[in-house]
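*Asks:* Residue numbers (this note's numbering): 23 to 133. The structure's right below; bear with me while I get my questions together.
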Amino acid sequence: MYGYPKIIQTRHDVEYLVGYLGSKWATQENIARGLAFLRGLRDNTTVYVFDRALAEGEEPDGAEPAYRVMQDEEGERHQYRLEENPRAPIFRLGFTVEEVDSLITTIEGAQ
């Protein structure tokens, strides 16, 4: 395989991507694309989950972004809580946030 990977589904694919982005053959567009991919992995580790229904005029248990209130079509208000998503792509690929930060720093340092 040469160049930017067409599909990134495994840890090996990410390691190949980082190796490619640190090489002299990587274009600026591919470096920007790869950094955006890695930052997306790092920044999308949380998800809102339903917590409970709120009564009329009831305040949420906390402020955003930890809690978010949504209103449905019937006018009912629901509180959602921000939690770490164990099924996030970063964890599925076998990385930690610190490892991805390190990869981003490595690529930025090679430029």
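Using N, Cα and C, we set each Cβ at its ideal position, and we do this for glycine too.
Excluding the 5 residues preceding and the 5 following residue 55 in the sequence, name in chain order all residues of the same chain whose CB lies nearer than 8 Å to its CB.
*Replies:* Translated into the one-based positions of the sequence shown, residue 55 becomes position 33. Scanning its chain for C-beta atoms nearer than 8 Å, with the 5 sequence neighbours on each side dropped, one finds around residue 55 the residues 26, in chain order.
*Asks:* Which same chain residues, not among the five before or five after residue 60, have their C-beta less than 7 Å away from its C-beta?
*Replies:* Residue numbering aside, residue 60 sits at position 38 when the sequence shown is read from its first letter. Only 122, 125, 126 meet the Cβ criterion.
*Asks:* So for residue 24, helix, strand or coil by DSSP?
*Replies:* The sequence position of residue 24 within the sequence shown is 2, counting from 1. Note: residue 24 maps to coil in three-state DSSP.
*Asks:* Between the region 36-49 and the region 70-88, do three or more beta carbon pairs fall short of 8 Å?
*Replies:* Judged by Cβ distances under 8 Å, the region 36-49 makes no contact with the region 70-88, as fewer than three pairs qualify.
*Asks:* Between residue 45 and residue 62, what straight-line distance do the alpha-carbon atoms span, to the nearest angstrom?
*Replies:* Sequence index remark: in the sequence shown, residue 45 carries index 23 (1-based). Sequence index remark: in the sequence shown, residue 62 carries index 40 (1-based). Using only the alpha carbons, I get a separation of about 22 Å.
*Asks:* What residue range is occupied by the uninterrupted beta strand (DSSP E) comprising residue 118?
*Replies:* Mapped onto the sequence shown, residue 118 falls at position 96. Run containing residue 118: none; DSSP gives neither H nor E here.
*Asks:* By the DSSP assignment, the beta strand (DSSP E) with residue 88 in it spans what residues?
*Replies:* Numbered from 1 along the sequence shown, position 66 holds the residue referred to as residue 88. Residue 88 -> no beta strand (DSSP E), and no H or E assigned at all.
*Asks:* Locate the beta strand (DSSP E) running through residue 75, then write down its first and last residues.
*Replies:* The count along the sequence shown starts at 1 and reaches residue 75 at position 53. It spans 68-76 - the beta strand (DSSP E) in which residue 75 sits, taken as one unbroken run.
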